[in-house]
Amino acid sequence: MLGPEDYSDAAIRDPQTQAWIAKIECLHGGPEYDSEYPRGIPTKVTIHFEDKQLDSGKILFPAGHSCCSSSNFDLLLQHKFELLGRQALSAAALKEVQQQLLQLEAATPAEVLQLYEFKDLLLQQQ
């Protein structure tokens, strides 16, 4: 999963990244794909090797889409939460915020109001 740092100028200009970009061709799926958006995000990935080809076939609900049933959504969400959360919070603070969010159904209205008041938990800007 890509993080914010993967979109920096340095990351995009990296020779290895540029080599991969040069090998990628994006094609419009046409009316068949257009007709299924926004209900889903119709996608297809084909990888060509010297001796074979791998084809995902059309995927209407890719990993991360709320209707995707073929991926471990909880694991993806956990990873994304940590990936983005560690940009601003220490590991201990991140765990504390995560526990509060995971227990949201049992929270009182006052606890919900204070949910994102974690100024004291933020990492110091350097």
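Going left to right, the sequence shown walks through residues 80 to 205 as this note's numbering numbers them. Where is the CB? At the ideal position from N, CA and C, for every residue including glycine.
With DSSP as the reference, label residue i as helix, strand or coil.
| i | result |
| --- | --- |
| Ile-91 | helix |
| Ile-138 | strand |
Let's see if you can read the secondary structure: which residues bound the beta strand (DSSP E) around residue i?
| i | result |
| --- | --- |
| Asp-134 | 132-134 |
| Ile-126 | 125-127 |
With distances taken between CB atoms, is the gap from residue i to residue j smaller than 9 angstroms?
| i | j | result |
| --- | --- | --- |
| Phe-152 | Gly-164 | no |
| Thr-125 | Ser-135 | yes |
| Gly-119 | Cys-146 | yes |
| Leu-194 | Leu-180 | yes |
Over the uninterrupted alpha helix (DSSP H) stretch that includes residue i, give me the two end residues.
| i | result |
| --- | --- |
| Glu-111 | 110-113 |
* Residue ranges of each beta strand (DSSP E) run of no fewer than 3 residues wholly in the segment 155-205, ordered along the chain? -> none
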